[in-house]
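Residue numbers (the numbering used here), protein chains in the order written: chain A, 213 to 503; chain B, 213 to 503.
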């Protein structure tokens, strides 16, 4: 199955979930506005790609788990952009949710995207045990022991001089855990033993870290057209970033070195189980920054 | 088990979940501030009470499901109070979360309380199938097909003249479904057949409706000291309420009649299964308004 086909399955799962809702149409509109805001679907795509690498035939149920993950990610973007948070007017070149629908509806659209995805997973055609494990992992990755905690630490770190470890703790939670989740989820769905699930999750964590370093680097080097949001926003907000902490060149080296570590672990796993690492290595390489 | 012992188990479950979190201490503080804001725990109490009425011995797992429900309810109160929503400075006689911790942390505390409870249920000592059913029900009751939808409809109804059916749709979603959930959940946990689960849920819906009518009536008749928030807030906000729509006397009759219907259904169930309806009838009666 090619990338386009995989992403089409995720879109269908999202459409099917929100498509038949009869009431609170403005809520549905606000939710779908951000769902369809042109995100790259990197998290859902990773899940389906890792499943395929593990030789699991992709089904609707897998697309539903992937869609649930994207819902939580999307909800977090809506809340991140709020005036009380990052106060952003644009995301990916379009008005942010609260600029389009007002703050109250944006808050509620984010809330719905946090509360809905668990029903989507619970109703998927997978074993009850797999669903319980997926739900536990997703909830822990996103709530007060994951993404939300990272958001709080990030907010509190503004204007402070953080060291590398503190910065990594912030990003490991704020963005890392939702990028590691698809790796762990693929391990749960394919029935890998706990150690291999952990190994897969670790690769996801490395990719998540590289993803963040790359994002910080692009924030310094790219223009509005290239990244679809106001560049150098982080610098204006006096946020600690990898380029600010390490220097631009060293941040690029750090990003690429993290990707090397992910590749080494992928190689290791492919020697232990029937795992076609090629497509995952390709994703890793797409994050590499050419200095 | 008496009420105090039941509620103590719920407090323990909440404490245990948030007690061992090592990072983002300010998030934990903000979450626990609202968790410990003196709510009456009516929803968790209903769950444990209905379970006991169904002759199910109460365990930690049941208290965890009850705690998960209270977490979502608490998160919704934090977000309801935000400046972009009801803009309340006080709740239950204390500063609202955002007045105490700032808007950003209040938004994130609410988010955590929406994302965390699913892990709590997923990790409870119950069958996987029961957990999947509980999670699906709770998610559907709280997200864009439940509580959040009701919030949106409520917001959009402000300043409009709603009819009784529109008002009931708002409340059935905004508050009704999270009060019906403990009844449905008790049915799931005790393994009742689908029809009896639905009957129990219906009783919860009636109690939820009566609860809301009573709340509207108290908003008109009570003082700050009695209800712990600014009275007549609804009237100031030009919200449709049962007293505004039906008149105060008729609203009281409607509340009490709804409670009669709940009692009739309780009687019916107690003839079909081993169900000690007494304590539930007592809760129903506690909502009755003496004209």
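The C-beta atom is built at its ideal place from N, Cα and C for all residues, glycine as well.
It should be emphasised that the depicted structure is a prediction, and the values quoted were computed from it without experimental measurement.
{"query": "C-beta neighbour in chain B for residue 492 of chain A, strict 8 Å", "result": "no"}
{"query": "Near-chain A residues of the region 315–330 of chain B (beta-carbon distance less than 9 Å), N- to C-terminal order", "result": "315, 316, 317, 318, 319, 320, 321, 322, 323, 324, 325, 326, 327, 328, 329 and 330"}
{"query": "Residue-chain proximity (residue 391 of chain B, chain A), Cβ-Cβ < 8 Å", "result": "no"}
{"query": "Residue 398 of chain A and residue 467 of chain A closer than 8 Å at C-beta", "result": "no"}
{"query": "Partner residues on chain A for residue 291 of chain B, Cβ-Cβ distance less than 8 Å", "result": "319, 320 and 323"}
{"query": "Contacting positions in the region 339–368 of chain B - beta carbon closer than 7 Å to chain A", "result": "340, 341, 343, 344, 347, 348, 351, 352, 354, 355, 356, 357, 360, 361, 363, 364, 365, 367 and 368"}
{"query": "Cβ-based neighbour list, residue 326 of chain B, same chain, cut-off 7 Å, excluding 5 preceding and 5 following", "result": "284 and 287"}
{"query": "Length of the line joining the Cα atoms of residue 475 of chain A and residue 420 of chain A", "result": "13 Å"}
{"query": "Beta-carbon gap between residue 250 of chain A and residue 291 of chain A smaller than 8 Å", "result": "no"}
{"query": "Residue 311 of chain A versus residue 301 of chain A - alpha carbon distance", "result": "6 Å"}
{"query": "Residue-level contact to chain B via CB, residue 376 of chain A, 8 Å cutoff", "result": "no"}
{"query": "Cβ-Cβ distance between residue 315 of chain B and residue 295 of chain B below 8 Å", "result": "yes"}
{"query": "is_contact[residue 238 of chain B, chain A] using C-beta, thresh 8 Å", "result": "yes"}
{"query": "Segment contact flag, the region 454–463 of chain A with the region 228–245 of chain B, C-beta cutoff 8 Å, min 3 pairs", "result": "no"}
{"query": "DSSP-derived helix/strand/coil call for residue 304 of chain B", "result": "coil"}
{"query": "Neighbouring residues, chain B, relative to residue 296 of chain A (Cβ below 7 Å)", "result": "315, 316 and 319"}
{"query": "Endpoints, the alpha helix (DSSP H) within which residue 268 of chain B is located", "result": "Taken as a continuous stretch (DSSP letters only), residue 268 of chain B belongs to no alpha helix (DSSP H), as it is neither H nor E."}
{"query": "Three-pair Cβ contact test at 8 Å for the region 367–381 of chain B versus the region 330–343 of chain B", "result": "no"}
{"query": "Cβ pair count under 8 Å reaching 3, the region 261–269 of chain A against the region 396–410 of chain A", "result": "yes"}
{"query": "Contacts of residue 243 of chain B in chain A (Cβ-Cβ under 8 Å)", "result": "356"}
{"query": "Any chain A beta carbon closer than 8 Å to residue 334 of chain B", "result": "yes"}
{"query": "Residue 276 of chain B and residue 324 of chain B closer than 8 Å at C-beta", "result": "no"}
{"query": "Residue 311 of chain A, enclosing alpha helix (DSSP H) - first and last residue", "result": "309–313"}
{"query": "Local Cβ density within 10 Å of residue 377 of chain A, reported as buried at 16 or more and exposed below that", "result": "exposed"}
{"query": "Close beta carbons around residue 270 of chain B, own chain, < 8 Å, minus the five adjacent residues each side", "result": "213, 218, 221, 260, 263 and 264"}
{"query": "Under 8 Å between C-beta atoms of residue 317 of chain A and residue 364 of chain B", "result": "yes"}
{"query": "Under the three-state DSSP convention, the category residue 388 of chain B falls into", "result": "helix"}
{"query": "Anticipated Cβ contact below 8 Å, residue 351 of chain A with residue 330 of chain B, distance rounded", "result": "4 Å"}
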